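Scroll down for the structure; my scribbles are underneath it.
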Amino acid sequence: MIEGLVETVQGRLYVPYRNWLGKTASLFFRELRDRGRLMATRCRKCEKVYMPPRSICPECFMEMDQWVELPATGTLLTYTVVHYSYSDYHQPRKAPYALGIVRLDGADTGLCHLLGEVDFGKLRVGMRVEAVLKEERKGNILDIAYFRPLREGSESTNSSDSLSPEPRAGDSRRG
Amino acid sequence: MRVGIVAVAQTAFGVHRGLRPQELTYLAVKRCLEICGLPFRDGYEDIVTCSSDHWDGKTLSDVEHGEVAGAHLGPGEVKVSMDGANAVLLGAIKILSGHAECVLVTACCKETQVLDPSVIENFGFDAPYQQLVGLDFTQAAALQAVAYMSRYGLSHKDFAQVAVMERRRAKENPRLLAREDLSLEQVMESRMLAYPITVLESRAPCDGACAMVLACEERAKELTDRPVWIKGFGSCYDHHNLGDRDLSQPFALKEASRQAYEMAGIKDPAREIQIFELSEHYSYQLPLWMEGIGVCREGRGLEVLGGWEQSVLDPLAFNPSGGLLGGVPRYVAGANRVIEAFLQLRGEANGVQVPGGPQVALAHGTHGPAGQHHCVLILERGF
Amino acid sequence: MMDEAELLAQERILEVRFHWSAGPYLGRFLGMLKEEGRLWVVRCPGCKRILMPPRIVCGICYSETPPFPKGWFPLSGRGRLLDWERVMYPQMDPETGTIRPEPYIHGTFALDEGVLFTHYLGPEDLDESTLREGLRVEAVVKPKEERVGKPTDIRYFKLVEEGDD
Amino acid sequence: MARRTAIVGVGQTYHKARRPDVNIGELCAEAAKACLEDADLTIREVDAFVLGNMELFEGRYCQDMWQADFVGAFGKPGIRVTTGGTTGATLACVAFEYVASGVYDTVMALGFEKQSEGDTRAGLKTVSDPLWIRWLTTGAIGYFSRQARYYMRETGAPEHMGSLVRMRLAEHAKRNPHAHLRLEIKNIQEAMKAPYLIPPLRQTDMCPTSEGACAIVVTCEERVPKMARRPVWVKDWVTVHKEAMYIRGGKHSVEDLTMAASRLFRRNGITKPREQISVAEIYAPSTWAELEWLEAYGFCEKGQAWRLEEEGHFYWNREFPVNPSGGVVCTNPIGATGLIRVAECALQLRGDAGEHQIWREPTLGFATAWGGSGWTVAVLLSAQKE
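Take a look at the structure:
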């Protein structure tokens, strides 16, 4: 260090924000929180079903007011395994953890979310997955705990039944 | 009317612990104006700066960058808060509009002063659905890389080879910091960030600034006898929700380059363009962007790059500079692509000059998660 | 409109740590303040104004500033009160997200060397009714062991008697 | 200029203190839709987008990425420009340049702010250099209280002038359905009951923090005949910046405003601004600034503005209407504020301003934005092509 010279100064930005989610997302999260349902919006013009739901169809620039309930099952469009931790506050899990984009059955778009109960080495694009909901839900996207691989033979389960709660510690149902 | 690039300058890219962001911009501006002999402030009617409040840690980051570029009671100033290629694009538009004859374009980012880059990027995802999942741009890129791999049966090793190739070129480029080769093993075994992206396959954060002077045709010819013309440009937004996109298809890049080709009158880019300076922030992006600009078939970018696919294009046409992986700051990135393309067309790309006197070049910049926004410029040698 | 109780918001804190470079100009100003407790400045070689704080280039005449110590000199730290205001509203500190205690008096000073400076006007129990433009002021610098190389190494500016300095 | 450009559509949201029913994207969508409706265009007919706001005010990083899907920018060219307080007007200028360049025919500029989502004062404090006096700055309130004191001292304006300006703006805002603050102020005694922020600046003298968005559509001469609305022609625009203000103190400086206006007027043959210009929508964050800045722009002599104000000269139905929309003091979604000035000016020139339509047949309109370290953007609009 040179005397009489300050080379660097440590500082930070620390500002809290409160972003409103809007009517559409609020309705989606309330349905998810209170009834455990996954609701999507549908464009009357192009008939695309948007999950996560939005109020405006980005392609047609039309307002969407049709709601469609979707099953908890879907297909993995892509995935990654995150190996670094940058913030306990911003990252929902400790690394390593898997992330993916899931297209729920009946939707035209994918939802980006965590993948759980899965061997990282067995992740494949196209694999069938289902949503696992948290028991205590707060009204945000992490009310879905994660998506996990659908076990063979469980495909026939009807939509709302497959919304099984998150397994508790010691829960042996899933082996 | 044509828009000419008459002079360019860059600071060294690296860790500049001893300099403030505006001091970096000043050094680039000073050098650039010296090159073309324009006076400060009075030599140009408009300034386009490019920086970010988040990365400078300061609302109105252009207060400082504008000041050292000569904005005090002089030319107008506007700040582009996205990749630097867009600043060049806006500079060209200002001249085409007739509102300015000469425009100074600057870009600066001091990435190494930010200790939490991923936190900033996390705020780049929409509040309701994507932010809480903890995404940052590396994770979004990794999702794109896997989608690309799985669609065309590519492997991580393929992408690692891109990093090796780029490093081989980067070490010849005196404007970049990298001086040593990387082996495939080194790349593959470097720290995995998010599968399949390792730390050596992602752009190294660094500090730096660049500046360039754009001028209308008449002024450009006065200021230099070797102008480079901006013949065309285009830009395009893709969807924000990652799941709305087919990540293996750079739709927005296809659209941006289509606009640029149309404006430049280019019908067959692979035959008409000799240099492609693309913004690959991660190794997998180089082949993917090559497909996006329409010079090779979908899924064949790696083959063309490796020289295995029959193509009119030499693999050396793509990022002869060594690309961004060798360390070019964000925001500066796209403008740096323009500068490297400019140097190639002028025959001044010391160390990495492509032989044969290239006539036309493409420069590309991208912004947002997994290439949500793309900007493409076509440059032509004007002498 | 939906009942507001049914509308959701998401709270997030943007906390980004920075390692700001102070550069050879401001860094020198801060470093000398820490070292000597004095305000070292430099005159613009072009328009001759004092650059406060020192910076790489004069924003008005575009002359490049010589690096320390050529042309640099310390200010006396004395001057006259130009303007002040009692800040009476709560303000969030963007470095901590906390609300700073109010009120305090914020002063602008014309230093004797012909340059403006701005700082707290103290001490805390200063009687605002005694203030008027043109009063003599002087910087109160923290003792060396408390100085860290920030402008707050000056505790505040205090009023001094005319001719006291 | 390469091509003539005209504003052929404007749209804005109803500005409020909070909009919990919409997220940022949805707020912008409202303005984009209103604008397209006004122009009777579909989104397909818009060739490019110019987007902007204050970067740190909602905390969002590269906000345009999220916004794009909500304003119809998906699959279209676009750029994000952010210049602080002047952002809105800069958006308009960049849109003019996009069209004038001949590259894009029809361009939408859209600015917004959703100030309840962050802390505006903390956001504004970060304008200051983190290593210099960020810990000390008093933000806009300190600045404009000094400005008010300075104006009073220099011109002899009495202390009630701020409230008198506010009464005019309140009257204007009442007539503008989009305005945010719609105070009923019966008389000057009532106006002067408002509490001080820093004397002589009262709460009612300062701009609020609003949520809202504004959009305009700009098109080229060739396309104008096909448009539904009467075009408002863009005559000229100018940007003037000042050096970074390391220390805000001493005399208030308005040289940026003066230089911007004089450049604009000189280039366009305006020698008697108050006679030749029919309406001014100026970006003045406080009532006192409005008075001083009218003088700085050259609309009246120094010290004359408050006297004209006392005579009621600046009301919407009088000789020289200033801020018939209610101005920034009534409505301030920062990233949109400058654009609202341009949009309101265009509405006046078109004769579509409704209850706050100015009385005479307007010819020229003057819109400004102010921000940064003392920056001005000024735009000159014309009802006639020539």
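These protein sequences, in sequence, are chains A, B, C and D.
Each residue of the first sequence is one higher than the one before, counting from 1 in this note's numbering.
Each residue of the second sequence is one higher than the one before, counting from 1 in this note's numbering.
Each residue of the third sequence is one higher than the one before, counting from 1 in this note's numbering.
Each residue of the fourth sequence is one higher than the one before, counting from 1 in this note's numbering.
Just so you know, even glycine gets a beta-carbon here, dropped at the ideal spot from N, CA and C.
These figures come from a predicted structure and were not determined experimentally.
Return the first residue and the last residue of the alpha helix (DSSP H) that residue i is part of.
i                      : result
residue 26 of chain B  : 21-36
residue 45 of chain D  : Note, residue 45 of chain D: premise wrong, no alpha helix (DSSP H); not H, not E.
residue 187 of chain B : 184-189
residue 69 of chain D  : 63-71
residue 293 of chain D : 287-296
residue 216 of chain B : Here residue 216 of chain B belongs to no alpha helix (DSSP H); instead the beta strand (DSSP E) covers 207-216.
residue 149 of chain B : 137-152
residue 86 of chain B  : 84-96
residue 25 of chain C  : 23-36
residue 183 of chain D : That residue, residue 183 of chain D, is in no alpha helix (DSSP H); it is neither H nor E in DSSP.
residue 410 of chain D : No information on residue 410 of chain D is available, as it lies outside the stretch 1 to 386 that chain D covers here.
residue 256 of chain D : 255-267
residue 106 of chain B : Note, residue 106 of chain B: premise wrong, no alpha helix (DSSP H); beta strand (DSSP E) at 102-110.
So with CB distances below 8 angstroms, who are the chain C contacts of residue i?
i                      : result
residue 123 of chain B : 12 and 14
Looking at the strands, I want to know which residues DSSP matches up with residue i.
i                      : result
residue 140 of chain A : Answer is none; residue 140 of chain A lacks a bridge partner.
residue 236 of chain D : D/380
residue 318 of chain B : B/276
Please report the residue range of the beta strand (DSSP E) in which residue i lies.
i                      : result
residue 88 of chain D  : Premise fails: residue 88 of chain D lies in the alpha helix (DSSP H), 87-100, not in any beta strand (DSSP E).
residue 40 of chain C  : 40-43
residue 156 of chain B : From DSSP, residue 156 of chain B is part of no beta strand (DSSP E) but of the alpha helix (DSSP H) over 156-170.
residue 351 of chain B : Neither: residue 351 of chain B is in no beta strand (DSSP E) and is coded neither H nor E.
For residue i, which residues in chain C fall below 9 angstroms Cβ to Cβ?
i                     : result
residue 18 of chain A : 9, 10, 11 and 12
Taking Cβ-Cβ distances shorter than 7 angstroms, what residues in chain C pair up with residue i?
i                      : result
residue 135 of chain D : 152
residue 12 of chain A  : 15, 16, 17, 18 and 95
residue 244 of chain D : 59
Show which residues of chain B have a CB atom less than 7 angstroms away from the CB atom of residue i.
i                      : result
residue 175 of chain D : Per Cβ cutoff of 7 angstroms: no residues; residue 175 of chain D is ~33 angstroms from chain B at best.
Could you work out which residues of chain A lie near residue i, taking near to mean beta carbons separated by less than 8 angstroms?
i                      : result
residue 58 of chain D  : 17 and 19
residue 149 of chain C : 6 and 9
Going along chain A, which residues have a C-beta under 7 angstroms from residue i?
i                      : result
residue 163 of chain C : The premise fails here: residue 163 of chain C is roughly 32 angstroms from chain A at the closest Cβ pair, so nothing lies under 7 angstroms.
residue 195 of chain B : 80 and 81
residue 253 of chain B : By Cβ distance, chain A contributes nothing, its closest Cβ being about 18 angstroms from residue 253 of chain B, past 7 angstroms.
Who are the neighbours of residue i on chain B, taking C-beta pairs under 8 angstroms?
i                      : result
residue 124 of chain D : 59
For residue i, which residues in chain D fall below 8 angstroms Cβ to Cβ?
i                     : result
residue 35 of chain C : Near residue 35 of chain C there are no residues of chain D at all, since even the closest Cβ is about 17 angstroms away, more than 8 angstroms.
Is the closest heavy atom of the ligand PLP to the C-beta of residue i under 6 angstroms?
i                     : result
residue 79 of chain C : Looking at this structure, you won't find the ligand PLP or any other ligand, since it has none at all.
Notebook entry, point to check: Are three or more beta carbon pairs between the region 73-91 of chain A and the region 119-138 of chain B nearer than 8 angstroms?
Noted result: yes
Checklist line | Contact set between the region 51-64 of chain C and chain A, restricted to residues whose Cβ is under 7 angstroms from the partner | finding: none
Check: Do the region 268-285 of chain D and the region 365-374 of chain D meet, that is, are 3 or more Cβ pairs less than 8 angstroms apart?
Finding: yes
Margin query: Give me the subset of the region 80-96 of chain C whose CB atoms are less than 8 angstroms from a CB atom of chain D, sorted by chain position.
Written below: 82, 83, 85, 86, 87, 88, 89, 91, 92, 93, 94 and 95
Note to self: Within 8 angstroms, do at least three Cβ pairs link the region 149-156 of chain B to the region 56-64 of chain C?
What the structure shows: no
Check: What residues in the region 55-66 of chain A bring their beta carbon closer than 8 angstroms to a beta carbon of chain B?
Finding: 58
Item checked: Short-range partners of chain B found in the region 97-111 of chain D, where Cβ spacing is below 7 angstroms -> 97, 98, 100, 101, 102 and 103
Next item on the list: Anything in the region 17-33 of chain C with a Cβ closer than 9 angstroms to a Cβ of chain B? List those residues in chain order, please.
Entry: 17, 18, 19, 20, 21, 22, 23, 24, 25, 26 and 27
Margin query: Taking beta-carbon pairs under 8 angstroms, can you tell me which members of the region 24-42 of chain A lie near chain D?
Written below: 24 and 25
Notebook entry, point to check: In chain order, what residues of the region 128-139 of chain B put their CB closer than 8 angstroms to some CB of chain C?
Noted result: 128, 131 and 132
Note to self: Give me the subset of the region 275-292 of chain B whose CB atoms are less than 7 angstroms from a CB atom of chain A, sorted by chain position.
What the structure shows: none
Checklist line | the region 255-270 of chain B in contact with the region 110-124 of chain B per 3-pair CB rule at 8 angstroms | finding: no
Check: Pairing CB atoms from the region 244-255 of chain B with CB atoms from the region 31-38 of chain B, are three or more of them under 8 angstroms?
Finding: no
Checklist line | Residues, ordered as in the chain, of the region 360-373 of chain B that lie near chain D by beta-carbon distance below 9 angstroms | finding: 367, 368, 369, 372 and 373
Notebook entry, point to check: Are the region 24-31 of chain C and the region 22-33 of chain A in contact at 8 angstroms, needing three or more beta carbon pairs?
Noted result: no
Check: Three or more beta-carbon pairs under 8 angstroms between the region 229-245 of chain B and the region 81-96 of chain B, yes or no?
Finding: yes
Next item on the list: Check whether the region 179-188 of chain B touches the region 298-309 of chain B, counting contact only when three or more Cβ pairs, one atom from each stretch, lie closer than 8 angstroms.
Entry: no
Next item on the list: Would you be able to state if there are at least three C-beta pairs under 8 angstroms between the region 86-104 of chain C and the region 134-149 of chain D?
Entry: yes
Check: Between the region 45-58 of chain D and the region 104-117 of chain D, do at least 3 Cβ pairs fall closer than 8 angstroms?
Finding: yes
Margin query: Beta carbons nearer than 8 angstroms to chain D: which residues of the region 113-132 of chain C have them?
Written below: 116, 117, 118, 119 and 120
Note to self: I'd like to know if the region 316-325 of chain D and the region 349-365 of chain D are in contact, where contact means that at least 3 CB-CB pairs between them fall below 8 angstroms.
What the structure shows: yes
Notebook entry, point to check: Pairing CB atoms from the region 54-68 of chain B with CB atoms from the region 226-244 of chain D, are three or more of them under 8 angstroms?
Noted result: yes
Next item on the list: Determine contact between the region 74-82 of chain A and the region 138-146 of chain A, defined as no fewer than three beta-carbon pairs at a distance below 8 angstroms.
Entry: no
Next item on the list: Could you run through the region 261-287 of chain D and flag, in chain order, every residue whose CB is less than 8 angstroms away from some CB of chain B?
Entry: none
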